[in-house]
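In the UniProt record's numbering, the protein residues as written are 1 to 84.
Just so it is clear, CB atoms sit at the ideal spot from N, CA and C, and this is done for glycine as well.
To start, the structure under review is shown below, and the notes come after it.
Here it is in structure tokens:
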């Protein structure tokens, strides 16, 4: 049998955690385990930001699209020579 201990949290934080936990897993311990595993697996801190802003995300997409276009042009020039 698992040993249990207590943790003191502000009421507001505890209520938010309980509400969130109901969506994630059947127990608070399991929810907290998932959260810790996420941060450890992704080598993140809760203070890190995950998302990029819209402009930087658009720049990444544009670079990848430019790379894809270059690859297709290269294939057209080198492999499709002689085809009508």
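Taken through DSSP and simplified to helix, strand or coil, residue 6 comes out as coil.
Each of 55, 76 and 29 was checked against the Cα of residue 3, and the nearest Cα belongs to 29.
Beyond the five residues adjoining it in sequence on each side, residue 20 comes within less than 8 angstroms, by CB distance, of 31 in the same chain, given in chain order. Boundaries of the alpha helix (DSSP H) harbouring residue 20: 11-24, taken from the DSSP string. Under the three-state reduction of DSSP output, residue 45 falls in the coil class, being neither helix nor strand. For residue 70, the enclosing alpha helix (DSSP H) begins and ends at 54-79.
DSSP, reduced to helix, strand and coil, places residue 27 outside both helices and strands of the structure shown, so it counts as coil.
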